[in-house]
Structures are given as structure tokens and as C-alpha cells.
Amino acid sequence: MSKKSNKKIDWVPATLSEHDGVRYLHLDSIWVQGAMRIRKPQQLELEYIQRMMAWMLWRDSASLREGRVVQLGLGAAALTRFSHKVLRMKTTAVELNPTVISACRAWFHLPEDDQRLSVLNEDAAAWVADPANWQSTAVLNVDLYDHDAASPVLDDEAFYADCRAVLEDGGLMTVNLFGRHASFARSAARIARVFGSDQVWSLAPTKEGNTVVVAARGVQVPDRETLERRADNIESQYDLPARKWLRLVRPLPMSIINQLLSESQA
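Quick note, this note's numbering runs 21 ahead of the 1-based positions in the sequence shown.
Okay, structure coming up:
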């Protein structure tokens with residue numbers, strides 16, 4: 022278990038704004054940390070958050086909701102609410118900032134913990150490094166940005182190795198990166214070195230620049246017909262744009278593959 026310090030920490034406070042029926046979470050800045058449509062709280066409002074669910078394409082429809090899903094970084098609790106309320110999966114969220122948890126419970130319809138939901142006020146790095154959590158998770162969603170939203174706060178190979186260790190065999194991870202930022206190639210290469218380049222894919226950037234990377238622990242890539250059938254099922258059952266995801270998903274760019282090859286030969 023991760024240890025909590027008794028030292029008082031001045032957390033960046035969670036704040037909110039509302040516009041056109043959507044409530045936004047901020048961390049004392051203009052940057053959006055998450056969003057919820059007030060009349061449809063279970064709906065995934067932001068496009069990149071929808072794409073964080075692209076892992077569903079890699080899972081068979083019959084076993085889609087089996088196992089535990091974990092979110093590292095709570096945001097406005099959109100993925101946590103969807104996993105718990107819509108997919109009805111066993112769901113764990115790990116969030117370091119206690120004001121974010123309080124804000125989500127007060128303003129973003131995050132329910133209290135129950136038999137299927139556990140919200141932990143812990144350090145995500147410590148949680149994935151804890152051997153007690155290894156091979157315990159079917160799906161891992163990683164969205165870890167601070168109030169500046171400049172780059173992921175956890176982004177080294179040791180962290181991604183622990184993320185892979187948390188996954189059970191056949192498990193899947195989605196990570197939110199900035200695809201048009203210089204850091205994207207570096208982050209994607211780190212993930213590929215840990216998971217293997219044949220187990221890592223990315224979706225095209227959203228118009229805001231968010232690029233979701235999917236990484237798997239020992240998953241056999243389905244054929245196109247199977248993927249299309251799964252996309253149809255996801256759209257009809259969960260109202261998510263899975264057919265669009267399928268058009269946007271691709272292997273890692275050759276520039277990153279070549280970088281990995283050159284580093285392995287150095």
C-alpha cells in the first residue's frame with residue numbers, strides 16, 4: 022500500500038465553470054480537466070475521453086465487461102461514472118488531489134464507494150508500483166496532467182513498466198497524450214519499449230491535439246471483419262463512435278519504430 026504523509030500539502034483547488042449545459046472541471050486555471058453534460062451525466066462529453074474507451078475494440082463482445090477497470094487520474098469522473106454505471110464493471114479510480122475527489126462527489130455525480138466502486142486518494146505511481154496490484158486489472162485508463170496541462174506528470178519507462186505489471190494477461194491500457202506536441206514521440210517510444218511495438222497503437226489527434234495511445238499485454242490483433250463487428254456492437258449498445266475509432270486507429274508511426282530500432286542497435 023502507498024504511504025500517506027502527515028505533512029500538510031497545499032493542493033491546487035478544483036473549480037468549475039458552466040457553459041451551454043456543460044459543467045467543466047478546472048484546477049485553478051483555464052485548462053479543462055474534465056466535463057459533464059448536466060442533463061446527461063453518464064454521457065462521455067469530450068471527444069478524447071470517448072477515445073479513451075477505444076480499448077473496447079480489442080475485447081471480445083462476450084467478455085467486454087469482465088474484470089476490473091482502473092482510472093489513474095479522476096478528472097471530472099467521466100470514465101469512472103461510465104465504467105461503473107454504464108458498463109457496470111468493477112471500477113477503481115486513483116486520484117492524488119483530494120479536492121478533485123470532493124469536487125466530483127459534489128458537482129459531477131460521482132457516487133459513494135460501493136461493492137463495485139472504489140475511489141482512492143493515493144499516488145498513481147505508488148499504486149501501480151505496489152506488487153499487490155499487479156495482474157489485477159483488465160483495463161487501465163491513464164490521464165495524468167497537472168494544473169498547467171503541459172505534459173503527463175508520470176511518463177517514464179519505469180512508470181509504464183509498472184502499468185504493464187498491473188495488467189492481467191490480455192489486459193489493455195489507454196493513455197492520453199498530446200499528439201501534436203514534441204513530447205508525443207518520446208512518450209509513445211517509452212510505451213513501445215515496455216509493451217513491444219506490435220502491442221501499441223494510436224488514434225489520430227483530436228482537433229484539440231489529444232492523442233490516445235492503446236497498449237496491450239499479449240493481445241492478438243483481431244482481423245478487420247471482427248473489429249468492424251465489434252465497432253457496430255459498441256455503437257449500438259453504448260452510443261460511442263467506435264466506427265470512427267476504427268478509421269482513426271493505426272500502428273505507431275514508422276518514425277517511432279525507426280527510433281526504437283536505432284536505440285536497440287546502439
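Just so you know, even glycine gets a beta-carbon here, dropped at the ideal spot from N, CA and C. Bear in mind the structure is a predicted one, so any value in this text is a computation, not a measurement.
Could you compute how far the alpha carbon of glycine 96 sits from the alpha carbon of aspartate 244?
For this step, residue 96 is matched to residue 75 along the sequence shown. For this step, residue 244 is matched to residue 223 along the sequence shown. C-alpha separation (whole angstroms): 34 Å.
Between which two residues does the alpha helix (DSSP H) holding asparagine 254 run?
Here residue 254 refers to the residue found at position 233 of the sequence shown. In the DSSP annotation of this structure, the continuous segment of the alpha helix (DSSP H) that includes asparagine 254 starts and ends at 245-259.
Assigned secondary structure, aspartate 183 (DSSP; H/G/I helix, E/B strand, else coil)
The count along the sequence shown starts at 1 and reaches residue 183 at position 162. The answer is helix: DSSP assigns aspartate 183 an H, G or I state.
Hey, arginine 126 and methionine 110: beta-carbon distance below 7 Å or not?
On the sequence shown, residue 126 is found 105 positions in, with the first residue counted as 1. On the sequence shown, residue 110 is found 89 positions in, with the first residue counted as 1. It is not a contact, given that the beta carbons lie outside the stated cut-off.
Can you tell me where the alpha helix (DSSP H) with valine 121 in it begins and where it stops?
Here the question's residue 121 lines up with position 100 in the sequence shown. Residues 119-128.
Cut-off 6 Å between Cβ atoms - residues of its own chain near isoleucine 278, not counting five sequence neighbours on either side:
What you label residue 278 is simply residue 257 of the sequence shown in a count that begins at 1. The answer, listed in chain order, is Ser218.
Could you tell me if threonine 227 is buried or exposed, where buried requires 16 or more neighbouring beta carbons within 10 angstroms of its beta carbon?
Position 206 of the sequence shown, counted from the start, is the residue given in the question as residue 227. Buried, since its Cβ has 16 or more Cβ neighbours within 10 Å.
Glutamate 66 classed as buried or exposed, judged by whether at least 16 other C-beta atoms fall within 10 angstroms:
Taking the first residue of the sequence shown as position 1, residue 66 is located at position 45. Per the 10 Å Cβ criterion, buried.
Are the CB atoms of glycine 192 and alanine 236 within a distance shorter than 7 Å?
Mapped onto the sequence shown, residue 236 falls at position 215. Mapped onto the sequence shown, residue 192 falls at position 171. No.
Among the candidates Val91, Val43 and Val115, whose CA atom is the shortest distance from the CA of isoleucine 59?
Here the question's residue 59 lines up with position 38 in the sequence shown. Measuring from the Cα of isoleucine 59, the nearest candidate turns out to be Val43.
Coarse secondary structure for alanine 225, derived from DSSP in three states:
Position 204 of the sequence shown, counted from the start, is the residue given in the question as residue 225. It is coil, neither helix nor strand.
Quick one: is threonine 195 buried, meaning 16 or more other Cβ sit within 10 Å of its Cβ, or exposed?
By 1-based counting over the sequence shown, the position of residue 195 is 174. It is buried - the Cβ of threonine 195 has at least 16 other Cβ atoms within 10 Å.
Rounding to the nearest angstrom, what Cα-Cα distance links glutamate 178 and isoleucine 212 in this structure?
As a position in the sequence shown, residue 178 is number 157, starting the count at 1. As a position in the sequence shown, residue 212 is number 191, starting the count at 1. Roughly 7 Å between the two C-alpha positions.
Proximity winner among Ala98, Ser223 and Arg271, relative to phenylalanine 199 (alpha-carbon distances):
Along the sequence shown, read from residue 1 onward, the residue named residue 199 stands at position 178. It is Ser223.
Euclidean distance between Cα positions of leucine 269 and alanine 225:
Here residue 269 is taken as the residue at index 248 of the sequence shown, counted from 1. Here residue 225 is taken as the residue at index 204 of the sequence shown, counted from 1. Leucine 269 and alanine 225: Cα-Cα distance of roughly 5 Å.
For threonine 36 and aspartate 134, I'd like the C-alpha separation in whole angstroms.
Residue numbering aside, residue 36 sits at position 15 when the sequence shown is read from its first letter. Residue numbering aside, residue 134 sits at position 113 when the sequence shown is read from its first letter. Spanning the two alpha carbons is a distance of roughly 23 Å.
Buried versus exposed, by CB contacts within 10 Å (16 or more), threonine 113:
In the sequence shown, residue 113 corresponds to position 92, counting from 1. It is buried - the Cβ of threonine 113 has at least 16 other Cβ atoms within 10 Å.
Is the Cβ-Cβ distance between aspartate 164 and serine 208 less than 7 Å?
By 1-based counting over the sequence shown, the position of residue 164 is 143. By 1-based counting over the sequence shown, the position of residue 208 is 187. Cβ distance not < 7 Å, so aspartate 164 and serine 208 don't count as in contact.
Check this for me: beta carbons of alanine 99 and glycine 55, under 7 Å apart or not?
Numbered from 1 along the sequence shown, position 78 holds the residue referred to as residue 99. Numbered from 1 along the sequence shown, position 34 holds the residue referred to as residue 55. Yes, they are a contact pair.
Buried or exposed for valine 242, please, with buried defined as at least 16 other CB atoms from any protein chain shown within 10 angstroms of its CB.
For the purposes of this step, residue 242 is taken as the residue at position 221 of the sequence shown. Answer is exposed; the Cβ neighbour count stays below 16.
Neighbour-count burial assignment, proline 350, 16 or more Cβ in a 10 Å radius
The structure shown does not extend to residue 350, since the chain is modelled only from 22 through 287, so no value can be given for it.
Cβ of glutamine 156 within 7 Å of Cβ of glutamate 189?
Position 135 of the sequence shown, counted from the start, is the residue given in the question as residue 156. Position 168 of the sequence shown, counted from the start, is the residue given in the question as residue 189. In contact: glutamine 156 and glutamate 189 (Cβ atoms closer than 7 Å).
According to DSSP, simplified to helix, strand and coil, what is lysine 61?
Taking the sequence shown and counting its residues from 1, the one referred to as residue 61 is at position 40. Three-state result, lysine 61: coil.
Looking at the secondary structure, which residues open and close the alpha helix (DSSP H) in which serine 208 lies?
Position 187 of the sequence shown, counting from 1, holds the residue named residue 208. Segment 204-216, the alpha helix (DSSP H) holding serine 208.
Hey, how far is the Cα of glutamine 92 from the Cα of valine 115?
Looking up residue 92 in the sequence shown gives position 71. Looking up residue 115 in the sequence shown gives position 94. Roughly 6 Å between the two C-alpha positions.
Kindly examine the ligand FMN and report whether one of its heavy atoms sits closer than 6 Å to the Cβ of leucine 248.
For the structure depicted, the ligand FMN is absent and the ligand set is empty, with no information on it obtainable.
Could you give the DSSP three-state label for asparagine 154: helix, strand or coil?
Your numbering for residue 154 matches position 133 in the sequence shown. Note: asparagine 154 maps to helix in three-state DSSP.
Once the 5 residues before and after tryptophan 266 are set aside, which same chain residues still bring their CB inside 6 Å of it?
Within the sequence shown, residue 266 is the residue found at index 245, counting from 1. Contacts found: Ala75.
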